[in-house]
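For the sequence shown, position 194 (counting from the first letter as 1) is numbered 1511 according to the numbering used here, and the numbering increases by one without interruption.
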Amino acid sequence: MTERSLPFLPVAEPDLGPLEEQYLLEAFRSGWISSLGEFIGRFEQSFASFCGVEHAVAVSNGTAALHLALLAVGVGPGDEVVVPALTFVATASTVLYAGAEPVFVDSESGIGTMDPRAVERAITPRTKAIIPVHLYGHPADMDPILAIAQKHGITVIEDAAEAHGAKYKGRTVGSMGHLSTFSFYGNKILTTGEGGMVVTSDANLDERIRYLKDHAMDPTRRYWHSEVGYNYRMTNLQAAIGCAQLERFEELSARRKHVLDLYRKTFADRAHIQFNPSRTWATPIPWLVCALLPEGTSRANRDALMAKLKMVGVDSRPYFHLPSGMPPYEKFRFVGLGGSESLRMAEDLSARGMNLPSLGRLTVGDVLRMQPLFLERT
Ligand SMILES: *Cc1c(COP(=O)(O)O)cnc(C)c1O
């Protein structure tokens, strides 16, 4: 068998089993296939307790969750929202949906989450919210961020789309901000196909989000809408899959950790490649396997390595491009560290970071297929 004929390894795939199938069929046979039905409430309640918060609202996806969270705390035109420079675009695009302006802040070394020192420097009288992102399953350094927010009376929205179940100093992500959002897209730690959740312990915010996600229908007067609302509802079919995924969380997260260990062991003699760097205060859940090439590696060399991996049937993906470099976002402020304003850290990580196949079924043989390509110091 030549290397080329080996089965193609994608970066991610959903891990669905008989429990998901059983619940999905139950939902299907009940006839409740839209956004009413018993799995919705069940998924919301079990997800709230999973995060250690009072309320959870199931929504159509993680982007809708962010949009609703911003609207619920009153973010609008004239406001600034501090977001990390290195993130998936939805963290920034939803700030624009709300009519406000994103302000991009530089990353912490290695882990890539927003640097609290840059956050401090980004605050102005117009700052209304801060959105720390728990990147690739590693929590952001929340304590200093929460302290800055408290000092200035600013709302914190955790974007936990990539970090279900990760912990920061023993606290579960999603339980620290005023509001937090999750995604259940097909490649996330827990999936419902498409789906999202907003969680909070504030009953007023919970009520406001339920109202906005369902066309802003007056709770006391049916089909009366005093405000413009949205249809951001999740279906009962999705919630059924979500209930099963949540019950399997320990199994799913153990698999992800096992896969990361497999890479670390197999790459033990490739000390120049760093896998999922983490801080001592973090208990990450590796969402995707992150490989950082040596400092100073250029984007072109990283991309060349990815092309070589593809030749042996291994998919990979680059770290996120910084939204601040893309047309809709380039006009907004960005804040680095020290005198010269730059997003130096975030740019460096974006250039030399890549995600490798993060499948529960990965074998040592699969990892050995990739490892020789990393021999050459790029
Ligand atoms: C996936 C993701 C989202 C958006 O989730 P969707 O469900 O795809 O809309 C938001 N923020 C981050 C950081 C993500 O990784």
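Note that the Cβ used here is the ideal one computed from N, Cα and C, for glycine as well.
Asked	Found
Contiguous beta strand (DSSP E) assignments of at least 3 residues, all confined to the region 1580-1666	1606-1609
Nearest residue (CA-CA) to Arg1616, options Thr1489, Arg1634, Thr1600	Arg1634
3-residue-minimum beta strand (DSSP E) runs that sit fully inside the region 1470-1549, ordered along the chain	1472-1476, 1496-1500, 1513-1517
Candidates Glu1337, Arg1669, Ser1366, Ala1624: closest to Arg1488 by CA position	Ser1366
Exposed unless 16 or more other CB atoms sit within 10 angstroms - verdict on Met1318	Caution applies to Met1318, whose pLDDT of 47 falls short of 50 and renders its modelled position unreliable; the model cannot decide the point.
Alpha-carbon to alpha-carbon, Gln1467 and Gly1416	24 Å
Nearest neighbour of Ser1595, chosen from Gly1454, Ala1389, Gly1395, Arg1359 [CA to CA]	Gly1454
Near ligand 1: Val1376 beta-carbon under 7 Å from a heavy atom	no
Residues that DSSP places opposite Leu1326 in a beta bridge	Val1631
Beta-carbon proximity of Thr1404 to Ala1483, cut-off 8 Å	no
Ala1435 to Leu1529 span [Cα, whole Å]	33 Å
Boundaries (first-last residue) of the beta strand (DSSP E) holding Ala1375	1372-1376
Other residues of its chain near Asn1672: CB distance less than 7 Å, five sequence neighbours each side excluded	Val1328, Leu1605, Val1606, Cys1607, Ser1633, Arg1634
Cβ-heavy atom distance, Val1450 to ligand 1, below 7 Å	yes
Lys1468 - DSSP class collapsed to helix/strand/coil	helix
Same chain, Cβ closer than 6 Å to Phe1649, neighbours up to 5 away in sequence not counted	Glu1418, Pro1419
His1532 vs Asn1521 beta-carbon contact at 8 Å	no
Range of the contiguous beta strand (DSSP E) that encloses Leu1385	Careful: Leu1385 lies outside any beta strand (DSSP E), inside the alpha helix (DSSP H) at 1379-1389.
Local conformation of Ala1439 per DSSP, three classes	helix
Proximity below 8 Å, CB of Thr1498 to CB of Gly1379	yes
For Phe1421, the residue or residues it bridges with in DSSP	Val1400, Phe1651
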